[in-house]
Structures are given as C-alpha cells and as structure tokens.
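Here the structure comes first, spelled out in structure tokens, and everything after it is commentary.
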Amino acid sequence: MIQIEKHDSIHDIISKIKDCPKEYIILHFPFGHCVLHNATALKIIKKSSQWKEICIKTSDITAKKIWEKIWFHYRVSQSYMHDTPKSELSIKEYLKKSAIEYKDEFLSLIHKKTLISSKYSWHENGRITPFLVYLWVAMLLFIFIYYFAVNKTYVHITPEIHIKNKGKNFVFQEMAENEISHNINHIKMRKIQAPVSLKKTFTVQWVDTQSISRASGSVILYNHTDEAIPLLRNTRLETVDKKALFTIPDQISLPAAKQTDDWVIPSETRVYVQASIYNSIWNLVGTQWNLEAETLLVFPWFWWERENIYARVEKTLQWWTDNLIKKISRDDIERAKDSLEKELKKEAFDALKKAVEEQNEIGNITYEILGTWDITDYSNVEIQWEELIAIGEKSDTFELSGSITATSYIYNKEIVLSRLRNFISENTLDNVEEVLSVNEDSLRIAYIISREKNPLRVKATMQVEVFYTYNFLGRENYYLENFKNTIAGLSKSDAIKILLNNPKIHDVEIQTRPFFLENVSWIPNNIIFKVED
Numbered sequence: 011m012i013q014i015e016k017h018d019s020i021h022d023i024i025s026k027i028k029d030c031p032k033e034y035i036i037l038h039f040p041f042g043h044c045v046l047h048n049a050t051a052l053k054i055i056k057k058s059s060q061w062k063e064i065c066i067k068t069s070d071i072t073a074k075k076i077w078e079k080i081w082f083h084y085r086v087s088q089s090y091m092h093d094t095p096k097s098e099l100s101i102k103e104y105l106k107k108s109a110i111e112y113k114d115e116f117l118s119l120i121h122k123k124t125l126i127s128s129k130y131s132w133h134e135n136g137r138i139t140p141f142l143v144y145l146w147v148a149m150l151l152f153i154f155i156y157y158f159a160v161n162k163t164y165v166h167i168t169p170e171i172h173i174k175n176k177g178k179n180f181v182f183q184e185m186a187e188n189e190i191s192h193n194i195n196h197i198k199m200r201k202i203q204a205p206v207s208l209k210k211t212f213t214v215q216w217v218d219t220q221s222i223s224r225a226s227g228s229v230i231l232y233n234h235t236d237e238a239i240p241l242l243r244n245t246r247l248e249t250v251d252k253k254a255l256f257t258i259p260d261q262i263s264l265p266a267a268k269q270t271d272d273w274v275i276p277s278e279t280r281v282y283v284q285a286s287i288y289n290s291i292w293n294l295v296g297t298q299w300n301l302e303a304e305t306l307l308v309f310p311w312f313w314w315e316r317e318n319i320y321a322r323v324e325k326t327l328q329w330w331t332d333n334l335i336k337k338i339s340r341d342d343i344e345r346a347k348d349s350l351e352k353e354l355k356k357e358a359f360d361a362l363k364k365a366v367e368e369q370n371e372i373g374n375i376t377y378e379i380l381g382t383w384d385i386t387d388y389s390n391v392e393i394q395w396e397e398l399i400a401i402g403e404k405s406d407t408f409e410l411s412g413s414i415t416a417t418s419y420i421y422n423k424e425i426v427l428s429r430l431r432n433f434i435s436e437n438t439l440d441n442v443e444e445v446l447s448v449n450e451d452s453l454r455i456a457y458i459i460s461r462e463k464n465p466l467r468v469k470a471t472m473q474v475e476v477f478y479t480y481n482f483l484g485r486e487n488y489y490l491e492n493f494k495n496t497i498a499g500l501s502k503s504d505a506i507k508i509l510l511n512n513p514k515i516h517d518v519e520i521q522t523r524p525f526f527l528e529n530v531s532w533i534p535n536n537i538i539f540k541v542e543d
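Counted the way the working numbering counts, the sequence shown spans residues 11 to 543.
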C-alpha cells in the first residue's frame, strides 16, 4: 500500500507507483484530495501504471462514479479522525469528524440502508430517529454561524508617510504701518534696522626674516619605484601632520629602485633641507620645526605615492626662536579688515533677529525676516585703523574697530503659513491622499522671481514641507476592497508579505477571531481593515 499525502501532485503519485515493485498496488488517498475528483488525472495515473493493477482506498466516496467509469478498483476506509479519540482532536478536527459521522447517518436514512457504525442504540427497523436529523441540521447551522458571523479578521495597517515640497508664489511689498493689502497673494512688509559697533584684536602674521634662524639639516630620500624621479629646486617636504614645511634648495633626481627576484631595494639619496617661514596652511609654528631623527617627511604633491617616495630626518633639526621679531604689515591689516567686516555683518544680522524676537514676544506676533543675506542690506561700514596702527611697527597683536548698519524687512509668518495651508488643502487629491502635517519650521524662499526697489517689492516662491499619507478610507477608494479579495484565505504571514509589498503601507498587523485560527477569513466581508495613525 502506498500512502498518498495531501500535497502530493500527479507527478509525485506516478513516481511512487513506478518505485513500487508490486503488481497490485493500493493507493491510500486522504479525504478531499484533488486527484480523486479529477478524471483526467486518474486516467494519466492509470495509463502510467502500465501493467500494474491500481486500487484506490479512501474515506472520500463522493467521486466513486468517476472511478467506476475509468475501471478503478476502490475500497472505502475511515480517515485518521475516525480512529482518533475526540478528546485528542482540535476544535476544527472535532467539528469535521462530527459532520462526517452525521452525514453518513443521514445518507443511510435516505437510501434506507443500515448504519455503518453501530455506536447508536436508538434505531427502529433500520431507520434512524428524527433526533439525528435535527442534530445534523443544528450542526450545519452552527457551522454557518461560525464561518459567517464569528470568524473575523482584523487587519491594522499603518500608511507610509511621504514628504513633498509644496510652494506658492507671493508678492512681498513694503507698506506703511496703516496700509492694508486686499490681494490674497500680497504680503505686507515692514522695514527694520540695527546699527552695530565692534572692536577686535588680531594676531600679526608677518615675521622679520632677518630675525629668524631657520631649522636646517640633512634628510634621506627613499624611492621604491622602478622609475627615476626628478625634483625641481625648492621642492617641498612636510610632516605628516602638516605642521612643519621644508624645502630642497637644489635640483636633484632620485634614482630608481633596484629590482630582484625576491624583493625591491629602494634607492637612498641624502639632501640638504631648510625650514620655510610658514607651513602649508600659512601658520607660523616656531619650535615645532625642531624635528627628531627618523621623523617621516612626505611630498605634499605626491600623496598617492607616499608609501613609495618619502624622506626621513637623518639628524635632529634645530631652530631657536629667541630673537623672533613680528612686524605689522599691510597684508595683516587687509586680512583683519576683511575679517572684521564679516564679523560686523554677522553681529548686525543677529541684532536684527534679536529685535524681531523681542517684538514677537511683546506683541504675540510671528514676524520673520524675509530671506537672509540676499534681502538684508548693509550700509555705513566704517573701519578705523590709520591713526592707531603704523605699518612696520614691531608688535604681536593690533586692534581694529568698526561699525555697520543692517537694514532688512519683516513679514507676518503666520499669514503666509495660513494661505499656504489653504492652497495645499485645495490641491490635495480627494480620496487619494491626506495631509498629515505641515512642517512650519521648513518655510523658506525657494526662488526669487523678481525684485524692485523704492519701495521694495519682491516676488518669490515660498516653499514648505508637507507630510502626506494615502487616504485608504476615501469613499471612492477601492484599495481596501482589492486587498480583501487578494488576502482572503491566506495565512497571516503570506498576507502580511503581500500588504507590506505595497509602497503605500508602512506596517501591518493581523488579528483573527477566534484566536486559534491561523488563516485570514476566506469571506472578504469578514475582513475588517483599520487604518492606524
């Protein structure tokens, strides 16, 4: 006898028959196997068995007419549930077993045959009492109520959040305090000013070269490559941390390395080097040019070959800075003036923002400066230095003082946000998307379309970030209905995979009632979707 499993296909059954050496084979099918009701499949099995005689054994006798037409032998057997005590069956198996038993008894009543089982003791002249008929009807009614009323599946979905930049054009116009704009796309602006003064101390960078005793000495250059490397005069070498910079005064050539079968012997060239006054980032470092022997030096212009072409200090390089003299140069002054002007503009703009914050706090309004450096104007820039500082004067530091006036324009941020919200709401697709929130802190000028002066008039695109979710509960939205038909009857895990594969869904949780059911209800109307925030 060959045991056929529920998941066995026609190919699996034919393989089992061919592997069996017996001439008379009994195929034991489980109840409800699809092959039992498929005449074509049975013909293929019979033809493939060739000379072997096949007998079907099963408890499913509903298709015996098909077997008889194909000339199959068959035996009626009890399923495994008939041999298992009811106390060891699950709820689903218990209901199925009871239904089969009552079905057999009901068929016996119709055909006036004796019962297959003799476990009932209330029989009269081979006929079953009406009690069992009523019990069978009650069982069918219970199953109907169970599957159509009690069996429910709750699907909790969390929509995916999409961020979009939404913009609208507004005209910002300078107006008097008592003027009113009647155009919904025009925003009133008001001028605001902040004068600032600042004094700052700067460090002198220029050093009298006659007062410097530069570090110098010999280093050994190494070349691991198979090519000679020519070096021009004043070729630079620096430490790995870039704090010290040296130059090779003479023009030389590094010989190529010697190649052998087992290793490479690098070429070694001894050269004289001298420290530069400043390093590669124009800092005067001083005693950090004093390098110990064996310190690694690299070529800044040859960084991709640092492992093959480099230098090492042969003996300690010394540089004493006791007689270092700094003098104020015109370059020091110009650099200081540029730096002070940037500081003045930053301080002035910060003063504008502080003034706006104070106004907002006093009046409980949401004024904001229009734009940043593009709209803000800086005037009355004055930096004094001629009378206080002499070029060439010996000094380590010097002071500069300056003043500036920043002029900008403010507008009511809440009015712009309110009109943007209305615009976004009017342009949201009905039954498709839903606005979750608007990021007010992201409000900004995306583009300046045009600008006019006296009075100032700026046409600009104001943009804000909007968080959208898909509107699954829209009246004309059939997404959920399609989901119900797609996942009906599937296992929880398969249903979750299908739903999560949709780009509009972020997370899914499925609950079934009763709790012991592992599959989604096969009735779409019993699948209830709930959209989580």
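Beta carbons: idealized from backbone N, C-alpha and C, even for Gly.
Length of the line joining the Cα atoms of residue i and residue j
| i | j | result |
| --- | --- | --- |
| residue 40 | residue 61 | 25 Å |
| residue 242 | residue 304 | 24 Å |
| residue 501 | residue 538 | 16 Å |
| residue 133 | residue 497 | Below a pLDDT of 50, predicted positions are generally treated as unreliable, and residue 133, at 43, falls in that range; the measurement from the model is reported next regardless. C-alpha separation (whole angstroms): 47 Å. |
| residue 373 | residue 452 | 23 Å |
| residue 25 | residue 49 | 19 Å |
| residue 423 | residue 201 | 15 Å |
| residue 161 | residue 528 | 11 Å |
| residue 150 | residue 38 | 29 Å |
| residue 11 | residue 63 | 12 Å |
| residue 282 | residue 229 | 6 Å |
| residue 267 | residue 317 | 13 Å |
| residue 224 | residue 278 | 25 Å |
| residue 250 | residue 308 | 7 Å |
| residue 345 | residue 191 | 47 Å |
| residue 313 | residue 300 | 23 Å |
| residue 124 | residue 65 | Any reading at residue 124 is ruled out, since the residue's pLDDT is 41, under 50, leaving its predicted position unreliable. |
| residue 320 | residue 302 | 16 Å |
| residue 543 | residue 169 | 8 Å |
| residue 234 | residue 176 | 59 Å |
| residue 431 | residue 506 | 35 Å |
| residue 196 | residue 181 | 5 Å |
Where the beta strand (DSSP E) containing residue i begins and where it ends
| i | result |
| --- | --- |
| residue 283 | 277-285 |
| residue 50 | Here residue 50 belongs to no beta strand (DSSP E); instead the alpha helix (DSSP H) covers 49-58. |
| residue 346 | Not the beta strand (DSSP E): residue 346 falls in the alpha helix (DSSP H), residues 340-373. |
| residue 432 | No beta strand (DSSP E) contains residue 432, which is instead part of the alpha helix (DSSP H) from 423-436. |
| residue 240 | 239-241 |
| residue 326 | Element bounds for residue 326: n/a, residue is neither H nor E. |
| residue 316 | Residue 316 -> no beta strand (DSSP E), and no H or E assigned at all. |
| residue 245 | 245-249 |
| residue 289 | Where residue 289 is concerned, there is no enclosing beta strand (DSSP E), given that its DSSP letter is neither H nor E. |
| residue 162 | 162-169 |
| residue 479 | 467-480 |
| residue 205 | 196-213 |
| residue 539 | 537-541 |
Residue i burial status per 10 Å Cβ neighbour count (16 or more: buried)
| i | result |
| --- | --- |
| residue 511 | exposed |
| residue 404 | exposed |
| residue 522 | buried |
| residue 463 | exposed |
| residue 457 | exposed |
| residue 419 | buried |
| residue 238 | exposed |
| residue 194 | exposed |
| residue 17 | exposed |
| residue 336 | buried |
| residue 147 | exposed |
Span of the alpha helix (DSSP H) around residue i
| i | result |
| --- | --- |
| residue 62 | Note, residue 62: premise wrong, no alpha helix (DSSP H); not H, not E. |
| residue 494 | 489-497 |
| residue 502 | 502-510 |
| residue 25 | 20-29 |
Nearest residue (CA-CA) to residue i, options the options
| i | options | result |
| --- | --- | --- |
| residue 172 | 442, 534 and 505 | 442 |
| residue 428 | 235, 393, 457 and 376 | 376 |
| residue 352 | 456, 530 and 207 | 207 |
| residue 350 | 412, 43 and 246 | 412 |
| residue 491 | 358, 518 and 536 | 536 |
| residue 240 | 42, 257 and 262 | 262 |
| residue 526 | 15, 163 and 14 | 163 |
| residue 167 | 530, 514 and 533 | 514 |
Beta-carbon separation (whole angstroms), residue i vs residue j, contact threshold 8 Å
| i | j | result |
| --- | --- | --- |
| residue 198 | residue 215 | No, residue 198 and residue 215 are not in contact; Cβ-Cβ is about 49 Å, not under 8 Å. |
| residue 52 | residue 68 | Wrong, their Cβ atoms sit about 12 Å apart, outside the cutoff. |
| residue 445 | residue 478 | 6 Å |
| residue 482 | residue 541 | 5 Å |
Chain B within 8 Å of residue i, Cβ atoms only
| i | result |
| --- | --- |
| residue 168 | Of the protein chains in this structure there is only one, and it is not chain B. |
Residue i Cβ short of 7 Å to the ligand MN heavy atom set
| i | result |
| --- | --- |
| residue 395 | This structure does not include the ligand MN; it has no bound ligands of any sort. |
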